[in-house]
Structures are given as structure tokens and as C-alpha cells.
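Single-structure report; data block below.
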Amino acid sequence: MDPITFSIIRHRLYRVIDEAVITLKHVSGSAITNEGHDLMVSLYRADGSLLMGGVGFLHHLTSAAEACKSIIRRFEGRVNEGDVFLTNCPYTAALHTSDVYLVAPIHYDGKLVAWSACFVHVYDIGAMVPGGFSPDSRDIFTEGFSSPGLKLVDQGEMNHDIMDTILNMVRAPEMVALDLSSMIAANNVARERTAALVHKYGPEAVDQACQMLVDQSEESFRERLQELPDGRWESRQYFDIEEETYCVLLAMTKKDDTLHFDFTGSSEQSKYGINCAYWATWGGFFAPLFPLLCYDITWNDGVLRPISMTAPEGTIVNCTRPAPISLATVGAIQSVNNAACTCISKMLSASEKYAKEATAIWHGSHFAIFMFGQNQKGQEAIGIMTETFGGAGGGRSFADGVDVGGEIPNPIGRMANVETTENHFPVRYLFRRATGDSGGPGEYRGGTGLEYAIQQHDAPDGGIHYVISGKGTKFSMSEGLGGGYPGAPCNYRWIHNNEAAAAGKNVNPFAISTDQMTGEQQSVSWGVYPLMDQDVLYVRSDGGGGYGDPLARAPDKLARDVRQGNVSEGVARNVYGVVLDAAGEADVAASEAARAAIRATRLNQEAAE
Amino acid sequence: MSTRISASLVVNEKSEIACMSCGHTLGPSGKPWKDAARLSETPLEGAAGKPYSNAANALLRRFYCPGCATILDSETALAGDPFLNDVVHI
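First to last, the sequence lines map onto chains A and B.
Its first residue numbered 1294, the first sequence is counted upward by one per residue in my numbering.
Its first residue numbered -15, the second sequence is counted upward by one per residue in my numbering.
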């Protein structure tokens, strides 16, 4: 095939996905999809293997391939033009029940030529708790509707029995219907545009181009791996749920043009729904691998071929049914993301050519808060606080992490503005801002996380409830790199202003910091809680990991950090060894003395042996 | 001619792992090197300001070059955890 035709077909496939994503967002009505971009659309070959990975949460690219393959097996001989299939079973392919896959065959001239697949986190799935995150579930049977495979649309005709059954099992069915409609629309666009591409260039030419595309990715990726040194890198992620501590342990081995991810030593599966199943772990390390190692390579099955994984059965990275799994995406999967980010970045750091691609961890904990209740318009409002996608960038070898800079597994994620959230939920923000001293110190510091506080406002029921599935409160999950410190942990507090008011204390309704709040401050991190009347929910996300030794950070950058509130003067002095003068500029002589003192202290430490 | 093996370490012409900043050696290439470093192991709580104040039980390990005191690597751990060892084959 001539290279120009190949290139045109390749780019047309990219555009097919882009247009399908736009369609999905135009139809969907939920903030988690439109603001958080908790979505994905990709194209797959006729056998279900990944052809062209799209944007959104990247750990879905490979899991949706398994969804396509499972549908091919289950519906053998019954896959027809115009069909749309649904699966959301985590033990089949999905990450958790809330992330519903709709996959659709693409036919041309009566022959199956490809698949499109997409997902959104649906508005509700009928779990114990509205929104799908179900911290009190102890098995998958209480985590909502779950199907290994249904034919939702049969040759272009909606199967209303199935649709009505699903909608009968969820809260806010009109919103769930919109979610499912948005994915049907996205698949329709992907099917029509792909079929038009095949019509223009012919099925043989497109098939040849697709095969070349996969082979090209494999060849390019293996070449890249050959450029990197052989070795073995380790990473460890701790996280806390209630009084329990869990560990995701990863050893990544690179040999020649292959890469192996070994999760041996990770914790046994949990009674809480933070577990993830095999395909979720498989997808979990691809989420950082695609952008860090394959930023210029098409994300498809060719990238998967040089890679293998060990994930011991019965652990939090390969749990067995019926273990609960509803919080997998903000639980073990994210720790897999993080651990892989660290190991891959360590490998990149060992290469002169690729060291600049390495990064400390971005946004190690999702600090997810789901709200539910009647809003000021009398509607049933369910949804995530999209600050969970705000994130914090990790430091790199040439630049600081981006403040509130998002996350690697979802490069297009973002958070809604305050007004959007206040319009949807009966709450008002007391403040939302970047948090000083949250970015991990380093020559290039981690990006700052954020903090916010909300109070109910105009709620018909006197308030609203929230589901908190926090982790990373006792451990920092955004590890540093190359000597950089980890980012600061998360923090969640329930401020009991109602009790304070009842006791006759003055409660400031316009407090702009927790120091100005009167009520007792209770740490919370897991479960369902009320947000009533004058009580306040305070949330602080984690910062990004730092890169390199903080003593190597340029003093003038510290002066700027302090001026902008990103680093306190005390941390500048005690951790970075930079002393500021009365004008707020770095005092060079005093800073040199401070740094010399810190180095002397370091050298007085015992040998590690 | 030295070869980079991490953000802070190289392997020198004698096949020894060495600090990228000062050249201080930390053992043979292809072997774990952290035992040869100076170690600071302190609670993560309060490690770098107020936002670290709720990091109970977690430890922050910093491995320093015995020659120039540069931090060569850091890791979080629980007490008694083995070091995270990275091995690069040159």
C-alpha cells in the first residue's frame, strides 16, 4: 500500500473516533461525562483486538477489547448489522458495574469488518448507594445491575424489554437512558463513518491498512523498548480504607523488546469494593504506558504484543467473584496506574534519550466524592464532584508538575466550574483553590492539589448526602521520582457546625478556611455521610510527586512559589534550604548556609546497610 | 565514559554505580546500591508542611549520596519494609 493512502486511512480512523466522542458528549447530560470526560470511544478489528485507541480513561482501551471478544464468543452466529451489545460485568471485561460498555459491530456489504466500543460512567446502576460507588457492599450482588452480555439493539431496533428492565433497576432512569442513548449515538457515528471509509477505499485496502497499522505499532514499540536499557524496577503503593492498609506491589522487568509486569506480593483481595479484576489490572498499567512510552505510536494491539503480566488470583489486582468491586477505578486500579507510572518513569530515567519523558506520579488518589439527593429544582441529583478530575501534575526532569493539572490516565479530564456544580447540586462553595505545600518538594516540585469546602444551600430536604471513597489520607500516593518527595496526602473533614450552633456558638457562614469554622472537625474517608444545614464538607486532594533533590531547586523559583502561595516560607527554608529576605527575594548567602547545614545533617545519617 | 542508570546515578567506566553529581561510588553495576547510601527514615507526617500532617504510620525514606549528600532516591514505606531495589543492566 502506498504510504499516502495508508496515512489518509490512519487519520480518517482517528477522526472517526473524534467525531464519535463529540457525538457522545452532545447527547449525554451528565457532568461526569461532559465535564470529567469519564468516557472512552475506540475502534476494534473484526476479532475484537484493539485497532485505534481513543481518548478518555485509557485503562478502558484494552478492557473494551475484552468486551468485544466476550460478545463475539457469547453471540457467535448472532452478530448482525445494526446490533448494539451491552456488558458491564467486571468479571468479564468492565472495570466496575457503573462503567457500562456498549459495543457495536461494523459491517460492510454484509460482512463484519470492525467493532466500535464506548463507555460512560452511567448516572446510576442500582447499587446500594446512588451513583454506583458502594462502600458498604461486601459482594458484587449488592453493587447493582451487572450483565456479561445483552443485545440492546437488534439490527437497528431497540430491544425495549431489555432497555426497560435496565431502567427499572436504576435511580433517575431518564438520565441513565440518556447515558445509554449517548453511547448508541456514538456507536452509530463510528459505524457510519467507518463504513464510509471502507466504501471509499474498498474493504481489502482498509483491512490491509489496519493490519499495517497494528504491525507498525508493534514494530515501533519493540524498537523503542530495544532503545531502553534492560533491567528490573520496583514500585509500592499503599492505601488505607478504614483501619485497613492495602498494598499494590509491582516489579517491572524489561528484557530486549519485551516488558513484564509482575504484581506478586500485592495484598489479598479486600472485603471492600476497591478490588480490581484481571482485565482491569491489565488495562491499569496501559493507562500510563500509552502516553509515556507510545506518545507517537498508534495505541492498538501491536503495543500489547510485547507485554505480559503476572497478577496472582485472589489479590486486589485479580480478585475472584463475588468480591466487591464497585470502587475499583478509584481503588486498586489507580494504584496500578501509579505503580506502573513510577516503574516506567524509572526505566525512562535510565536512558539519556528518553529521560525527559519520565515523570513523578500525577494525582495519586482520586479523592472521589459522589453526591445524591433532591436538588433545589426538585430533581434527583446524583453525580460526582468533578474536582476528582482536577488532579495535580508530577514533577519532571525539566519542569514542575502542573498545578491542579489533571492526571495521566485521562489526558482530557477536567473539572466543572463552581457554578455548574452549584446549579446541579443544592450546595454552595465556601472556597475552592490550590493548596499551598501540597506539591511534593523537588528540584522540580509536584503540582499543587486543591482544596474546597461546601455547605448545603436551598436543599428541599435540608441537605444532601455524599459517598466518600477516599484513600491516600494516611499514605501519600503520588510518589516522587529521582529523590523528589511524594505529594501531600488527601484530607477530608466533616465540620459539625450544627452542633456548634446548637451549643450557642457563633458559626461563620462565609468562612474561607477551616480555621474560621466553629464546629468540631471530624476526619472522614469512607462511607455515606449527611451534609445538612450548616455543616461543612472539607476536601483536600493530594499534590503531585516531586522530581529530584529539593536542594537543587533554583532559589528564585522558591521566592516565586512563596509569593504565589504554593510553598510556605517555612518549607522553603526547612526543606528547600532557601531563606527569603524582607522583600521576599532569596537571600543567597543565607540560603547557601542553610543548604550547607542540611547537607551536613544528611551526611551525619547512618549508612542504610 | 559513564552511562546513566537513573535520574541520579550513573555506571562509570569501572562498571561501578556512582552518584551523577559527584561520582562517589556505591557498588558494582547490576546490583542493588541502596545499602551503600546514607539513609534518613522519618515519619511522612510533617515532612514538608501542614498538608502532610495526617500521614500516620507512613515513613519517608531518603537515600543520600555519602559523597555530596544529594538525595539519590526516595520512597514511602512502612517500618520494616525492604528497600525498593532497581537494577539496570548495562
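We put the beta carbon where it would ideally sit given N, CA and C, even for glycine.
Item: For residue 1319(A), the first and last residue of its enclosing alpha helix (DSSP H); Value: 1296 to 1320
Item: Minimum Cβ-Cβ distance from residue 69(B) to chain A less than 8 Å; Value: yes
Item: Where the beta strand (DSSP E) through residue 1572(A) begins and ends; Value: Note, residue 1572(A): premise wrong, no beta strand (DSSP E); alpha helix (DSSP H) at 1571 to 1586.
Item: Residue from 1540(A), 1377(A), 1897(A), 1523(A) with nearest C-alpha to residue 1556(A); Value: 1540(A)
Item: Contact set between residue 55(B) and chain A, taken where Cβ atoms lie within less than 7 Å; Value: 1776, 1842
Item: Proximity of residue 1339(A) and residue 1406(A) at Cβ, strictly below 8 Å; Value: yes
Item: Inter-residue spacing [alpha-carbon to alpha-carbon] between residue 1828(A) and residue 1803(A); Value: 12 Å
Item: Contact set between the region 1511 to 1535 of chain A and chain B, restricted to residues whose Cβ is under 8 Å from the partner; Value: 1522, 1523, 1524, 1525, 1526, 1527, 1528, 1529, 1531
Item: Same chain, Cβ closer than 6 Å to residue 1596(A), five either side skipped, listed in chain order; Value: 1510, 1514, 1587
Item: Alpha-carbon spacing of residue 1317(A) relative to residue 1527(A), whole angstroms; Value: 39 Å
Item: Own chain, CB closer than 6 Å to residue -14(B), minus 5 neighbours either side, in chain order; Value: -6, -4
Item: Unbroken stretches of the alpha helix (DSSP H), 4 residues or longer, contained in the region 1427 to 1488 of chain A; Value: 1453 to 1461
Item: Near the ligand ATP: residue 1343(A) beta-carbon under 7 Å from a heavy atom; Value: Among the components modelled here there is no ligand, and therefore nothing to report on the ligand ATP.
Item: For residue 64(B), the nearest candidate out of 53(B), 7(B), 42(B), 15(B) (CA to CA); Value: 42(B)
Item: Under 8 Å between C-beta atoms of residue 1312(A) and residue 1486(A); Value: yes
Item: Closer than 8 Å at the beta carbon, the chain A residues around residue 60(B); Value: 1529, 1531, 1768, 1769, 1772, 1779
Item: Short Cβ contact (8 Å threshold) for residue -8(B) with residue 56(B); Value: yes
Item: Cα-Cα separation between residue 1811(A) and residue 36(B), rounded to whole angstroms; Value: 23 Å
Item: Same chain, Cβ closer than 6 Å to residue 1324(A), five either side skipped, listed in chain order; Value: 1676, 1679, 1709
Item: Residue range of the unbroken beta strand (DSSP E) whose run includes residue 1673(A); Value: 1673 to 1677
Item: Alpha helix (DSSP H) runs wholly inside the region 1327 to 1383 of chain A, at least 4 long, in chain order; Value: 1353 to 1367
Item: Neighbour list for residue 1902(A) in chain B, Cβ cutoff strictly below 8 Å; Value: 19, 20
Item: Identified DSSP bridge partners for residue 1737(A); Value: 1840(A)
Item: Distance, residue 1637(A) Cα to residue 1861(A) Cα; Value: 32 Å
Item: Runs of alpha helix (DSSP H) lying entirely within the region 1611 to 1663 of chain A, each at least 4 residues, in chain order; Value: 1625 to 1642
Item: Residue 1887(A) versus 1875(A), 1896(A), 1902(A), 1865(A), residue with shortest Cα-Cα distance; Value: 1865(A)
Item: Nonlocal neighbours in the same chain, by C-beta distance under 6 Å from residue 1565(A), ignoring five residues either side; Value: 1534
Item: Residue burial classification, residue 1561(A) (beta-carbon count within 10 angstroms, cutoff 16); Value: exposed
Item: Chain-order list of residues whose beta-carbon lies under 7 Å from that of residue 1359(A) (same chain, five-residue window excluded); Value: 1386, 1572
Item: Residue-chain proximity (residue 1817(A), chain B), Cβ-Cβ < 8 Å; Value: no
Item: Closest by C-alpha distance to residue 1412(A), when choosing among 1342(A), 1371(A), 1441(A), 1475(A); Value: 1475(A)
Item: Members of the region 5 to 37 of chain B near chain A, C-beta cut-off 8 Å; Value: 18, 19, 20, 21, 22, 23, 24, 28, 31, 32, 33, 34, 35, 36
Item: Segment limits, alpha helix (DSSP H) that includes residue 1717(A); Value: 1711 to 1717
Item: C-beta contact flag for residue 60(B) and residue 1769(A) at 8 Å; Value: yes
Item: Rounded Cβ spacing between residue 1614(A) and residue 70(B) (contact assumed at less than 8 Å); Value: Actually they do not touch by this definition, with Cβ atoms about 35 Å apart.
Item: Cβ neighbour criterion (16 or more within 10 Å) applied to residue 1767(A); Value: buried
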